Amino acid sequence: MTETLRIPRFVPTNLNWKALNYLGLGIVNATIWGIAFFYLQTAPRTYTSSWTVALPKGGEQANVNLPGIGTASSSAQSPYSSKYDDPRANYQYIATTQPVLEVAASKLNMDVDDFGEPRIKLMDDTMLLQFEFEGTTPNEAQLKSLALHEALEERLNELRTQEAAQKDVRLQSALSTAGQKLKEAQQRLSTFQARSELNSDNQIAQLSSNIEALRKEQVQIIAQHQLSDARLQQLSTTLALSPQQAAEAFNLQTDPYFQQILSDNGKSSATLVDLNSRLTPNNPSVINEQEKQAASQTAMLARSQALLNKPVTVEYLEQLNLNNSPSRQQLLHTLVSVQADKQGLQSQALELDRQMGILENRLKALTQQQIVENNLRRDVQIAEAIFSSTITQLDLRSSDVFGSYPQIQLIEEPSLPTSPSSPKSFYVFAGASFASLFLTTGLILFGLSQSPSRLPRQVEPA
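Numbering (my numbering), first residue to last: 71 to 532.
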């Protein structure tokens, strides 16, 4: 009879299951902490050097007084004048640019890739920048920091030089333009002065004074002329002659030849009257005296026409009342004298009026020339002010090299680290602890869910 061999099946008990759980937990935790200690022992050490710089607010203004021209000013705005303009952000970017990193790496004879990049932090509500640079050794980290700081300073100096050169080019161009405009303004003024009749600023004032003096003199002469005219009218009324007739009568009375003819005519008339009273008209004596009187009248009219330069009749001569009384002759003399004075005053008034017209026309011309010259002088002054202001700005801005790129002040020099920045034991141990706790908790929960007490089994005999 054949017998069958039965192998007993292992049914896990509660004790065996716990042993397996403990063993698994031990292996897992040992692995985690082994890896952690192994990483701390084998991971490359990294050291971090840090330093801090400050950017001053800046902002300067300079004023230069230009006598007779004005004031020239030059100002450098603070780089922090706008909330959107923070030079620290510019410096943060410049410090990580390829040219700066290449120069810094070349100082240590390193490649840019091996040199690395800094970490830069803008400290809020301050003017500070904090730099950090990593290295495999403390000395390397510090040297990289120093090299980067020097390279950044050199790059900023280059940018300042470029900016200053660009400003100089613009200012030199503006200076050349201002100089050319000044030269043209001076040339226009010189050309105008060469053909202008205006010699000095006092010339117009002197001319105005002369016109005023002539005007006053004319007023006085007109007043005298009016007085002479009134006196002349009075004398004309007294003599019953017009001023012209009085002048003609005086002219005839002052002529000796005419007076002789007039006297002969008077005597002949008196003789003829006497003869007519005693003799008949046909008497030879009367006829002879009549012929003599007619001859004297003819001579008298001829002389009168020659003196008065116009035709004269006997009736007109009788109207002139040419009697030779001393009082009438004196009145005629006075009337003629007053008439002459009046004519002289009138001539003077007309001459003064003519002179004033000439001077006023000259004053008007000189005034227009002065206006033009003043405008040209003002153009020259403006051109001089612009030229001088440009020179002043060129001088002032030549000293302003930190306008767009403020000077860096090293607040904290690159440090020499005494301990590595990575790996950090605290973070490694914290990670290992977290992993150990997580896995341990997971295994315990898993073990509880698979516990033999929930599935009771025994070893059954075969």
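Ideal Cβ placement from N, Cα and C applies to all residues, glycine included.
Given the structure is predicted, the values throughout are model-derived calculations rather than measurements.
Contact between the stretch 419-430 and the stretch 281-288 is present: 3 or more CB-CB pairs across the two stretches fall below 8 Å. Taken atom to atom, the span from the alpha-carbon of Leu-415 to that of Val-408 is near 10 Å. Residue burial is scored here from C-beta neighbours: Phe-504 has fewer than 16 other C-beta atoms within 10 angstroms and is therefore classed as exposed.
Comparing alpha-carbon positions, the option among Tyr-475, Ala-365 and Leu-322 lying closest to Val-406 turns out to be Leu-322.
Pairwise C-beta distances place the stretch 434-445 out of contact with the stretch 119-126, as fewer than three of them are shorter than 8 Å. Boundaries of the alpha helix (DSSP H) around Leu-371: 354-378. The C-beta distance from Ala-159 to Leu-192 rounds to 7 Å, short enough to meet the 8 Å contact threshold. When the beta-carbon positions are compared, Val-182 and Arg-225 stay at least 8 Å from each other. Bounds of any beta strand (DSSP E) do not take in Gly-186, whose DSSP letter is neither H nor E. Per DSSP, reduced to three states, the secondary structure at Phe-504 is helical. Annotation for Leu-486: no alpha helix (DSSP H) segment contains it, and DSSP assigns it neither H nor E.
Straight through space, the alpha carbons of Asp-325 and Ala-300 are spaced by roughly 28 Å. The beta carbons of Gln-375 and Asn-335 sit about 15 Å from each other, so the pair does not count as a contact at 8 Å.
Put simply, the backbone Cα of Gln-257 is about 19 Å away from that of Ser-270.
DSSP lists Leu-199 as the beta-bridge partner residues of Leu-192. In this chain, the alpha helix (DSSP H) harbouring Thr-231 covers 208-265.
Spatial neighbours of Glu-172 in its own chain (CB-CB distance under 7 Å, excluding positions within 5 residues in sequence) are listed in chain order as Val-182. The Cβ neighbour count for Pro-381, taken over all protein chains shown within 10 Å, is under 16; the residue is labelled exposed. With a contact defined as Cβ atoms closer than 8 Å, Pro-487 and Tyr-117 qualify at about 4 Å. Take Ser-339, set aside five residues on each side of it, and the residues of its chain with a beta-carbon closer than 7 Å to its own are Gln-363, in chain order. By the beta-carbon neighbour count (other beta carbons within 10 angstroms, threshold 16), Pro-484 is buried. Counted as a single uninterrupted DSSP element, the alpha helix (DSSP H) harbouring Tyr-161 occupies residues 157-165.
By the Cβ neighbour-count rule, Tyr-475 is buried, with 16 or more other Cβ atoms within 10 Å of its own.
The alpha-carbon of Asn-431 is positioned some 30 Å away from that of Gln-451. Lys-253 counts as exposed, since fewer than 16 other C-beta atoms from the protein chains shown sit within 10 angstroms of its C-beta.
Here the C-alpha atom of Ile-274 lies approximately 7 Å from the C-alpha atom of Leu-433. Gln-294 carries a helical assignment under DSSP once its states are collapsed to helix, strand and coil.
A direct Cα-to-Cα measurement between Ala-248 and Phe-457 gives close to 5 Å. Of the residues assessed, Phe-328 falls on the buried side of the cut-off, its CB having 16 or more other CB atoms within 10 angstroms. Rounded to the nearest angstrom, the gap between the Cα atoms of Gln-463 and Ser-243 is 13 Å. Annotation for Ser-489: no residue places its beta carbon closer than 7 Å to its own, counting only its chain and skipping 5 residues before and after. Each residue's CA atom was taken as its position, placing Ser-279 and Asn-272 some 10 Å apart. In the DSSP assignment, Ala-124 is bridged to Leu-198 and Gln-479. Per DSSP, the beta bridge partners of Tyr-117 are Gly-205. When the beta-carbon positions are compared, Pro-188 and Ala-165 come within less than 8 Å of each other.
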